[in-house]
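S.K.:
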Amino acid sequence: MQSRSLSRELALLVLGQVPDQQKKRASQDLPMESLLQKALDSLMQHWRETLDAGASELEQAQQGLLDSELQEGQAVPVESIRSHLRIALGSAEQVLNGLSACMELPRLLLLGDQENIRQAAMQRVALVLEHRSSIDSGLDAVMEGWRLSRLPRIDRDILRLAVVDLQNLSTPAPVAFNEAVELANRYSDEQGRRMINGVLRRFHDAAATASA
């Protein structure tokens, strides 16, 4: 993995520990190790909650099957059972991807140039915090009937980091899109991946039109 990709991933984990109202300087006062540990703890808690939700969906699917067996002559609620199973499998996929990412991160840190990666990550965090208001306004403008504030925190931060790539770090648009989708593959779900890709493309098109 390139240093840029790893620094972006570290920045995402750090941003998740910074409240939306917090200012730039406050995040820089905390050591990277502390922020990362808090980030990993939060992610593990998130995966546990996701697993619990998936288990609940499986229980409902099982209950639907049991009810259909007890009620002879009635149609099996296939669509309802299928829906519960689909949600449960999606939750399991999300958890497996997330746990894989968490386990990979320490090894990648050891293999990389840690100081450069950490500095780049904190630069990205600082840029997001400094420009968050304008970034969020620009994203809200292309959300098409949705609001940025209603998205999961991880999806909001992936979008914010991609905007920083586009506007502040001169990252080519295809690279910024692909990197954002890769983060979504590791930390979000299928719906999040599709949404992030679409919003970023509309954001980029709107910015290009405005500057033309």
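In terms of the numbering used here, the sequence shown is residues -17 to 194.
Backbone N, C-alpha and C fix where the C-beta goes; we use that ideal spot for every residue, glycine too.
1. Could you give the first and the last residue of the continuous alpha helix (DSSP H) run that contains Glu172?
2. Measuring alpha carbon to alpha carbon, tell me which residue in Phe159, Tyr169, Thr32, Arg168 is nearest Arg184.
3. Which residues in the same chain have their Cβ closer than 7 Å to the Cβ of Arg7, if we skip the five residues on either side of it in sequence?
4. What is the C-beta distance between Asp122 and Gly174, in whole angstroms, given that I count them as a contact (C-beta under 8 Å)?
5. Helix, strand or coil: which one does DSSP assign to Val0?
6. Does the Cβ-Cβ distance between Val163 and Arg142 come in under 9 Å?
7. So, are the CB atoms of Ile117 and Val145 less than 9 Å apart?
8. Since Leu182 and Val107 are thought to touch, with beta carbons under 8 Å apart, how far apart are those beta carbons, to the nearest angstrom?
9. Would you kindly work out how many angstroms separate the C-alpha atoms of Ser9 and Ala103, rounded to a whole number?
10. So, are the CB atoms of Leu165 and Leu(-8) less than 9 Å apart?
11. Output needed for Asp147: all residues of its chain with C-beta closer than 6 Å, excluding positions within five of it in sequence on either side, in chain order.
12. Reducing DSSP to helix, strand and coil, say where Gly127 ends up.
13. With distance defined between alpha-carbon atoms, name the residue in Pro1, Trp128, Arg64, Val124 nearest to His186.
14. With DSSP as the reference, label Thr32 as helix, strand or coil.
15. For Arg(-10), count neighbouring Cβ atoms within 10 angstroms of its own Cβ and tell me buried if that reaches 16, exposed if not.
16. What's the gap between the Cα of Ser170 and the Cα of Glu39?
M.R.: According to the data block:
1. Looking up residue 172 in the sequence shown gives position 190. Start and end: 172 to 193.
2. Counting from one through the sequence shown, the residue named residue 184 turns up at place 202. Checking every option, the nearest Cα to that of Arg184 belongs to Phe159.
3. Counting from 1 along the sequence shown, the entry for residue 7 is found at position 25. Unreliable positioning characterises Arg7 in this predicted model, as indicated by a pLDDT of 47, which lies under 50. The coordinate reading is nonetheless provided below. Excluding sequence neighbours, Arg7 sits near nothing in its chain.
4. Numbered from its first residue, the sequence shown carries residue 122 at position 140. Numbered from its first residue, the sequence shown carries residue 174 at position 192. That pair is no contact at about 17 Å.
5. For the purposes of this step, residue 0 is taken as the residue at position 18 of the sequence shown. Here Val0 sits in coil by DSSP.
6. By one-based count along the sequence shown, residue 163 stands at place 181. By one-based count along the sequence shown, residue 142 stands at place 160. Taking 9 Å as the Cβ cut-off, Val163 and Arg142 do not qualify as a contacting pair.
7. Residue mapping note: residue 117 aligns to position 135 of the sequence shown, counting from 1. Residue mapping note: residue 145 aligns to position 163 of the sequence shown, counting from 1. Less than 9 Å separates the beta-carbon of Ile117 from that of Val145.
8. Your numbering for residue 182 matches position 200 in the sequence shown. Your numbering for residue 107 matches position 125 in the sequence shown. Contact flag wrong, Cβ pair sits at about 19 Å.
9. Start at 1 with the first residue of the sequence shown, and residue 9 comes out as number 27. Start at 1 with the first residue of the sequence shown, and residue 103 comes out as number 121. With a pLDDT of 48 at Ser9, under the threshold of 50, the predicted position of this residue should be treated as unreliable, though the coordinate-derived value follows. A direct Cα-to-Cα measurement between Ser9 and Ala103 gives close to 12 Å.
10. Here residue 165 is taken as the residue at index 183 of the sequence shown, counted from 1. Here residue -8 is taken as the residue at index 10 of the sequence shown, counted from 1. Against a cut-off of 9 Å, the Cβ pair of Leu(-8) and Leu165 comes out as no contact.
11. Along the sequence shown, read from residue 1 onward, the residue named residue 147 stands at position 165. Within the same chain, Asp147 has close Cβ partners Thr153, Ala158.
12. Residue 127 sits at position 145 when you count from the first residue of the sequence shown. DSSP places Gly127 in the coil class of the three-state scheme, outside both helix and strand.
13. Stepping through the sequence shown from its first residue, residue 186 is reached at position 204. With distances taken between CA atoms, His186 lies nearest to Val124 out of Pro1, Trp128, Arg64, Val124.
14. Translated into positions along the sequence shown, residue 32 becomes position 50. Thr32: helix per DSSP, three-state reduction.
15. Here residue -10 is taken as the residue at index 8 of the sequence shown, counted from 1. With 16 or more Cβ atoms within 10 Å of its Cβ, Arg(-10) is classed as buried.
16. Within the sequence shown, residue 170 is the residue found at index 188, counting from 1. Within the sequence shown, residue 39 is the residue found at index 57, counting from 1. Between Ser170 and Glu39, the alpha-carbon positions lie close to 19 Å from each other.
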